[in-house]
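So the sequence lines, in the order shown, correspond to chains A, B, C and D. Note that numbering that gives the first Met the number 0 has the first sequence beginning at 0, numbered continuously upward. Note that numbering that gives the first Met the number 0 has the second sequence beginning at 0, numbered continuously upward. Note that numbering that gives the first Met the number 0 has the third sequence beginning at 0, numbered continuously upward. Note that numbering that gives the first Met the number 0 has the fourth sequence beginning at 0, numbered continuously upward. In this text, a Cβ means the ideal position worked out from N, Cα and C, and glycines have one as well. To keep things clear, I will list the structure first and then write my remarks on it.
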Amino acid sequence: MRYIPGTDDDLKAMIDEAGTGSLDEILTQVPSAIRRESALDLPPALDELSLTRHMKRLSSKNAESDSTATFLGAGAYDHFIPAVVDQLILRSEFFTAYTPYQPEISQGTLQAIFEFQTYVCMLTGMDVANASMYDGASALAEAVLMARRIKRKANKIFISRAVHPEYRETVLTYTNDLDIEIVEMPYDAEGKTDIDWLKTNIDANTAAVAVQYPNFFGIIEDMDAISKITAPNETLFISATTEALALGLIRPPSEFGVDIAVSEGQSFGNPMGFGGPHLGLFATKSEHIRNMPGRLVGETTDLDGKRGYVLTLSTREQHIRREKATSNICSNQSLCALAFAIHISLLGKKGLWQMAETNLTLAEYTKKKISALEGFSIKFASATFNEFVIKTDKALKEINKKLLDSNIIGGLSLESFYPELAGCILFCVTEKTRKQDIDKLAEVLGGC
Amino acid sequence: MRYIPGTDDDLKAMIDEAGTGSLDEILTQVPSAIRRESALDLPPALDELSLTRHMKRLSSKNAESDSTATFLGAGAYDHFIPAVVDQLILRSEFFTAYTPYQPEISQGTLQAIFEFQTYVCMLTGMDVANASMYDGASALAEAVLMARRIKRKANKIFISRAVHPEYRETVLTYTNDLDIEIVEMPYDAEGKTDIDWLKTNIDANTAAVAVQYPNFFGIIEDMDAISKITAPNETLFISATTEALALGLIRPPSEFGVDIAVSEGQSFGNPMGFGGPHLGLFATKSEHIRNMPGRLVGETTDLDGKRGYVLTLSTREQHIRREKATSNICSNQSLCALAFAIHISLLGKKGLWQMAETNLTLAEYTKKKISALEGFSIKFASATFNEFVIKTDKALKEINKKLLDSNIIGGLSLESFYPELAGCILFCVTEKTRKQDIDKLAEVLGGC
Amino acid sequence: MAADQINKILKAAEPVIFERGSQKRVGISLPDHGLENIDARAVIPEGYLRGEIKGFPELSEVDVVRHYTRLSQLNYGVDSGFYPLGSCTMKYNPKINETVARYAGFTNAHPYQPEELSQGNLELMFELQGLLAEISGLPHVTLQPAAGAHGEMTGMMMIRACHEKRGNARSKVLIPDTAHGTNPATSALCGYKVVPVKSNERGVIDPQDIERVMDEEVAAIMLTNPNTLGLFEENIIEIARIVHEKGGLIYCDGANMNALMGIAKPGKMGVDVLHLNLHKTFSTPHGGGGPGSGPVCVSAELAPYLPTPVVRKNNTTYSFDYNLPDSIGKVKGFYGNFGILVRAYAYILSMGDKGLERASRTAVIKANYIKERLKKYYDLPYDRPCMHECVLSDKTQASQGVKTLDIAKRLIDYGFHPPTIYFPLVVHGAIMIEPTETEPKRAIDEFCDAMIAIAKEAESLPDLLKEAPQNVRFRRLDEVKAAREPKLRWEK
Amino acid sequence: MAADQINKILKAAEPVIFERGSQKRVGISLPDHGLENIDARAVIPEGYLRGEIKGFPELSEVDVVRHYTRLSQLNYGVDSGFYPLGSCTMKYNPKINETVARYAGFTNAHPYQPEELSQGNLELMFELQGLLAEISGLPHVTLQPAAGAHGEMTGMMMIRACHEKRGNARSKVLIPDTAHGTNPATSALCGYKVVPVKSNERGVIDPQDIERVMDEEVAAIMLTNPNTLGLFEENIIEIARIVHEKGGLIYCDGANMNALMGIAKPGKMGVDVLHLNLHKTFSTPHGGGGPGSGPVCVSAELAPYLPTPVVRKNNTTYSFDYNLPDSIGKVKGFYGNFGILVRAYAYILSMGDKGLERASRTAVIKANYIKERLKKYYDLPYDRPCMHECVLSDKTQASQGVKTLDIAKRLIDYGFHPPTIYFPLVVHGAIMIEPTETEPKRAIDEFCDAMIAIAKEAESLPDLLKEAPQNVRFRRLDEVKAAREPKLRWEK
Ligand SMILES: Cc1ncc(COP(=O)(O)O)c(C=O)c1O
Ligand SMILES: Cc1ncc(COP(=O)(O)O)c(C=O)c1O
């Protein structure tokens with residue numbers, strides 16, 4: 000077996016030298032009643048070439064966005080990832096290492112995470128960010144738990160219905176067994192969280208209010224108005240973002256007094272990958288550090304006074320605090336965070352702006368093209384970034400079939416998530432979308 | 000421009016600090032008469048995504064052996080390359096370094112080449128090998144030049160007609176301007192170099208005799224018989240190999256008294272790549288070292304007595320000896336040599352044998368299948384490794400068309416290289432060839 | 000001296016990326032979209048356009064490549080050498096898995112693209128569910144959890160859901176003192192009170208202790224098998240009987256499954272719920288701390304509570320099943336760390352039954368070999384055959400004032416990654432060594448030689464150990480300072 | 000002291016691969032072909048089956064990966080830092096080129112597969128021929144040569160063929176004393192006698208000297224422009240006139256083309272034949288010493304002698320043209336280092352006219368900047384504006400007994416790859432610095448600071464330089480020993 004260097008002779012030599020007796024003797028600790036009776040029923044082992052052929056076959060049974068233009072977004076975004084990213088994360092010193100427990104030989108990972116934390120702070124405007132959560136959805140769930148920890152006396156959390164349905168579902172799962180009541184805030188006719196409802200319903204028992212920014216419909220929420228309600232009530236304000244790229248263009252959550260800002264980070268450096276691995280960004284204000292979940296890297300010096308980095312403030316974490324930890328998270332999405340940092344470093348100030356601007360430009364163009372078509376209209380009259388909702392009275396099934404015939408995957412039908420939005424489609428456009436793809440899309444829709 | 004970190008400000012700062020005056024002043028050394036008049040007529044610069052799309056389009060306009068079974072060999076072989084090889088040669092410390100002029104920070108390249116030299120010695124059985132030539136063809140040409148240097152008084156070199164036609168052509172090009180006469184040795188009815196002819200024609204003016212082993216027809220030459228003629232005549236014996244894998248199974252050239260053994264090394268670790276980059280192996284006897292072309296790495300110690308490696312015996316080379324050098328070669332195929340060494344290390348003793356045996360097994364099966372077909376026969380009744388010649392009276396054009404219809408690229412029609420072999424096809428089979436591909440091949444041929 | 004001083008300056012650290020670059024550099028180029036750029040101010044509502052991000056770098060491609068290349072050179076990975084981090088199964092990560100995981104149909108598939116256009120991915124997930132079920136002996140599997148701890152949470156939520164369904168959610172979870180920190184943390188996250196259980200003098204759980212604490216309020220015991228001392232919970236059958244009799248369930252932390260593949264199935268031991276760490280047992284890369292994947296395997300009774308969706312096969316096609324009315328719901332977006340699933344699937348296909356069994360058997364032999372070679376030099380708290388890892392302590396060296404930390408740092412000088420230290424907590428000054436099956440005997444021997452040399456140094460040159468490491472680019476880092484004045488982001 | 004000694008042992012070298020592994024390991028698995036394995040003895044003639052290869056290693060995949068990973072860690076590449084190797088143009092190698100060069104249609108295409116099935120590759124070659132023709136100003140191009148020296152040979156053979164066609168092959172080639180060693184070696188290989196030409200006090204060729212040696216036996220002058228001192232051959236037009244008048248041809252070694260892209264075309268300077276180094280000017284990786292690629296661009300008169308085949312376009316399809324009756328023939332198998340062509344093509348498309356021009360302009364400015372910063376500390380033999388590289392010497396330091404070699408080795412301690420040293424030969428103790436356009440100003444400044452610090456050390460601490468390097472894993476290696484008792488392969 001090519002992955003196991005121990006030949007029979009090696010093993011025998013070790014057993015003999017150790018004097019432990021045979022493997023069977025070692026294994027007497029495993030009661031014979033539960034020992035292997037027959038071989039595992041697995042397919043016969045594949046050699047490397049046959050494996051690649053098998054995997055290629057599976058891969059080719061999927062549509063993929065380099066060959067098929069896609070207008071799907073909704074939490075996973077088809078952005079272009081420069082070749083540099085993958086070639087650097089493949090450096091085995093990064094990808095075959097584990098959690099940097101031994102800082103003297105882990106400065107690569109540690110400094111990269113420290114820089115990642117800084118990037119997340121810069122993007123969100125917050126004071127401090129952790130070294131990543133599993134994804135945007137679980138990051139929001141952790142934010143809710145954290146808000147509950149901070150607000151010991153309040154147990155209601157308001158979450159906007161314009162937050163990604165899977166994020167909301169994840170929050171429900173995480174909070175189901177705990178003393179937390181999740182209350183859904185409706186959205187209004189413009190697709191924004193209903194401010195009036197919030198004003199009416201907020202009370203002393205409201206620990207936090209969570210909205211998505213831009214929200215699931217691509218809309219830039221009225222953060223200012225929300226903040227003006229939560230702040231006087233001393234309710235925490237949580238913002239979640241699925242499209243981190245938007246934060247390159249719109250005002251950061253911090254500027255609206257947000258207490259905890261979470262985001263999906265996939266848009267930078269990580270492929271859609273059929274839904275994962277992605278990564279959760281998690282940032283907060285300094286005052287909340289001790290209540291924060293997840294790993295943190297901090298700056299320090301070595302014995303010679305040289306600047307270096309270590310895991311720090313781990314008294315919040317499970318391996319020290321056990322059942323009193325702020326979270327049970329241990330392994331996170333470190334390599335995805337590295338990819339995020341590399342991509343965003345390549346972009347830099349100018350590239351980030353340019354990429355966001357390109358997304359906006361193409362999205363606005365698409366909006367205009369589609370809404371000009373007979374039978375299609377813009378559902379919500381609010382400003383959006385690179386996603387938006389279109390309403391049509393045509394049969395969605397047929398539309399999508401026709402689009403596929405033109406090698407286009409259309410937007411997401413919203414009905415299954417929002418029964419009230421039957422006939423609505425969420426479209427997404429990125430810098431990978433070509434004008435010609437959009438024109439084709441409009442042409443096909445026009446012919447439906 | 001993403002590859003150029005010098006912004007206008009950087010450049011201006013440098014010009015100012017240097018006090019050299021503007022770039023235009025610096026460039027006054029270039030006479031204005033020959034300075035740029037207009038922009039270069041090149042296509043507009045492509046961004047990275049557009050470049051990948053363009054390149055993908057070009058790539059997809061070619062057949063490729065993972066999707067189309069191919070029976071072509073003839074100097075380029077479709078072997079399976081384990082994923083390890085590419086991931087290791089992509090380590091930038093290897094692939095972005097140059098010739099290891101500074102050994103203290105080049106031990107990676109140096110030791111890898113030292114090990115490569117050892118592998119080539121082991122495969123060929125020779126005493127010493129250099130750090131690679133451009134490819135098999137030019138390696139043979141260099142071997143001929145070297146033989147001429149050793150044999151100062153003899154200027155004729157016999158080369159078998161059963162040597163790869165492009166190798167022979169390359170030799171002719173290299174020797175055209177020099178006092179060397181290339182004489183072609185015919186092959187006999189069994190596809191081997193004509194021993195009788197050699198016996199008759201060899202004389203004191205014959206500096207060297209060169210054959211291919213296995214030869215272009217896949218046949219294992221009668222090395223013993225040739226050696227028995229060259230040795231008493233004090234003629235140098237040169238062997239060239241196109242399929243280095245064969246040397247894992249057949250007796251090494253050294254055991255037939257060969258003086259210079261060259262080979263194409265592509266079979267290990269390097270893709271066919273539409274013909275390059277490949278690499279030339281070049282090995283000889285110790286006594287000929289000083290006449291050897293190319294770079295050599297030797298073992299030594301550092302100031303602390305630690306074992307290390309350096310470029311050595313460079314008094315043979317162009318940068319020291321200039322017009323008296325043994326060759327003009329400078330950059331060679333170092334990274335290909337690294338890939339070769341990695342692949343062969345993975346194979347090891349057992350894997351090398353197994354791979355050679357697999358090739359032999361499949362080739363024999365194919366031979367049997369095809370020769371059993373009506374209208375197809377084995378052209379030469381000699382033992383072969385993984386290539387062999389089939390003779391047919393059917394129209395080759397039509398055969399190949401039919402094969403293509405079944406997504407198979409057939410063998411190489413020999414007529415253009417050997418007019419006397421009209422109707423002959425050189426087939427090649429490797430471990431990537433599946434039994435089902437062979438069966439299909441036979442089925443299609445049978446239906447022609 | 001002067002020379003020394005100069006040399007010191009030379010070993011400068013890599014600057015933080017925000018200290019690199021210069022104005023107007025860019026490391027990327029985007030396609031020309033062929034439209035006039037929209038004026039963002041015309042689209043984005045007033046007051047919602049962001050200003051310049053202070054401190055954001057401007058770099059060219061070469062700046063970025065150099066920076067991360069150099070950072071990587073400050074790291075140590077499995078490909079660099081022996082990495083015997085106990086409990087983490089730092090086995091070799093096959094390179095072919097990185098290649099196949101990058102096939103476009105895997106990386107460029109959108110999670111919401113139509114199922115008809117995702118049949119390859121669904122097939123892969125379905126098949127992997129089956130393979131893990133077979134290896135674990137537990138028939139139902141979710142691939143959704145993103146890591147081990149996430150799997151624990153998922154599993155414990157399912158246990159809670161099961162008890163709720165039965166009528167009483169119960170309030171407590173039994174957790175042995177050898178357990179990993181994620182176990183109690185998870186239990187708390189699921190609203191349970193943790194009841195610690197001491198392990199006995201053999202390093203395992205005593206059924207009598209369980210008998211004593213087990214009652215109708217105990218939802219489950221969360222054990223690890225083999226446990227974090229590397230010892231098989233030899234009373235597992237008896238324990239399962241006791242817990243089950245009182246209506247409790249058995250949760251098994253499968254982080255140490257590398258000891259058991261093809262040797263024994265948790266499903267056969269009475270385990271009801273098990274999580275696997277694909278980034279340990281199934282060879283997917285650790286990535287500097289993730290992404291991992293923590294599938295959960297459960298018995299039939301627990302199946303209704305699996306997170307949505309699960310993948311089903313209907314004749315020749317595959318689909319997501321969201322129709323699980325008793326499901327605990329989703330624990331993350333989409334379907335799990337799919338890219339990691341691809342690698343684990345490729346690994347299992349490459350190994351087959353024989354390969355997996357051999358992996359576990361080899362891992363066990365190697366751990367015992369190390370234990371036997373080192374026990375003459377280091378205290379071995381539980382001197383008996385172990386499974387895939389062994390735990391030593393610094394007791395012998397303590398008299399010289401040499402601690403586990405010093406031994407670990409000195410190992411760095413010798414070119415090794417240190418073992419896990421100070422865990423499990425039941426062993427004071429623990430040194431937890433897990434070699435894995437992919438470690439060549441030579442590397443193991445070199446490691447043992449180094450450990451023995453260090454034991455000798457501890458006697459003759461204890462200061463050398465306290466000053467370690469000295470052979471790498473950084474000396475010991477001040478963790479106290481980092482925690483006292485937290486500096487968690489770069490600032491100008 | 001004891002500690003020091005122990006530390007020394009720790010920095011052991013990586014064993015040779017033949018000293019690794021153990022019996023029966025294998026690092027590969029091959030497909031099961033489904034047939035009975037043939038008995039090789041039944042096929043291979045008696046006496047032609049080889050025996051076991053002594054010393055051949057047996058390794059598992061992890062052994063191999065570790066070995067080469069560790070070897071790589073002993074190396075320094077462009078991605079590690081500044082690599083100002085003069086005459087080698089160690090520019091950044093764009094990563095995307097590595098990605099696109101690996102597309103299956105490029106890597107898995109057989110050179111003899113039908114032209115109809117190779118249209119993408121033929122198109123790429125055809126387009127690249129055109130791009131290089133445009134950049135060089137010489138209309139005809141062969142892509143076949145595998146490196147610069149190979150291109151020289153190809154070009155000089157074409158020159159010889161041309162003279163033969165004209166009636167007299169001629170016997171001599173003029174070569175300036177600044178020329179690279181490959182130039183005279185190539186001339187000899189083509190059967191020419193080398194006539195050296197001294198450069199003048201401005202570091203360039205004097206037309207009067209050419210006038211003196213030029214006669215009807217001179218086939219060509221082989222010059223490099225800018226030359227290896229980094230100086231533009233400012234009399235090129237006059238030289239070309241003189242040589243052409245006597246029926247000679249101008250061969251230009253294009254290794255330094257990075258100074259000229261979009262600034263001046265060799266074709267406009269009277270050059271008849273030019274080779275380019277794609278692994279220098281056109282950013283393809285140097286690979287530790289290749290593979291490179293050395294296309295040759297020629298004027299119309301030389302076109303008939305191009306190697307076979309060249310690529311032609313016929314309406315919308317592409318094909319190989321072997322029908323060149325006056326061709327010099329083939330200089331290697333197949334069509335050249337195709338994979339390198341793919342990278343260079345991708346580079347040119349990414350740069351466009353503006354990018355290439357900016358590259359050259361930037362390279363020139365950076366070289367002049369370095370020259371000016373360092374000339375106060377190091378002897379600058381030709382104190383005038385240079386093009387893309389500059390040449391210093393150790394004359395100032397020689398009084399302290401410090402030589403160029405010492406300076407170079409000390410630079411290693413400072414974290415830089417040293418410049419080219421002792422070349423060109425016309426400068427005693429030459430230090431030849433080529434920054435390239437891809438070097439950030441900061442790296443250049445750090446390099447200059449180091450050079451200046453070293454100049455100061457040469458005065459105050461000369462021994463430090465002679466002992467250098469000390470900050471890397473190896474100290475100076477004994478080259479004399481290596482040459483005296485050559486050990487060119489491993490033996491047990
Ligand atoms: C025994 C044990 N359980 C659980 C975990 C948590 O797994 P993860 O880090 O994947 O969340 C670990 C990880 O180190 C572990 O060793
Ligand atoms: C000026 C000059 N000419 C020719 C060459 C030879 O090029 P190559 O190494 O590609 O054969 C070099 C290479 O270093 C060079 O610097």
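At the C-beta level, S137 (chain B) and G279 (chain B) come within 8 Å of one another.
A distance criterion of 7 Å places the beta-carbon of H179 (chain D) in contact range of ligand 2, judged by its closest non-hydrogen atom. Secondary structure of V272 (chain D) (DSSP, three-state): strand. Annotation: F375 (chain A) to F79 (chain A) spans about 29 Å, alpha carbon to alpha carbon. With contacts defined by Cβ atoms closer than 8 Å, Q211 (chain B) and H287 (chain B) do not form a contacting pair. Under the DSSP definition of a beta bridge, M431 (chain C) partners with C:V390, C:T419. Under DSSP, T153 (chain C) forms no beta bridge with any residue. Cα atoms of A421 (chain B) and K312 (chain C): separation of roughly 55 Å, rounded to the nearest angstrom. Assignment of Y102 (chain C) by DSSP, reduced to helix, strand and coil, places it in the coil class. Listed as beta-bridge partners of Y166 (chain B) by DSSP are no residues whatsoever. If you draw a straight line from the Cα of Q28 (chain B) to the Cα of F55 (chain C), it comes to about 41 Å. Here the alpha carbons of G33 (chain D) and A371 (chain B) stand approximately 20 Å from one another.
For G26 (chain D), the C-beta contacts it makes with chain A under 8 Å involve R1, in order along the chain. Boundaries of the beta strand (DSSP E) around G297 (chain A): 296–300. Shown here, L171 (chain B) sits in a helix according to DSSP, grouped into three states. For chain D, the residues of the segment 38–50 of chain A that bring a beta carbon within less than 7 Å of one of its beta carbons are D46, E47, L48, S49, in chain order. For Q211 (chain B), the three-state secondary structure derived from DSSP is strand. For the segment 42–63 of chain C, residues whose beta-carbon sits nearer than 8 Å to a beta-carbon of chain D comprise S59, E60, V61, D62.
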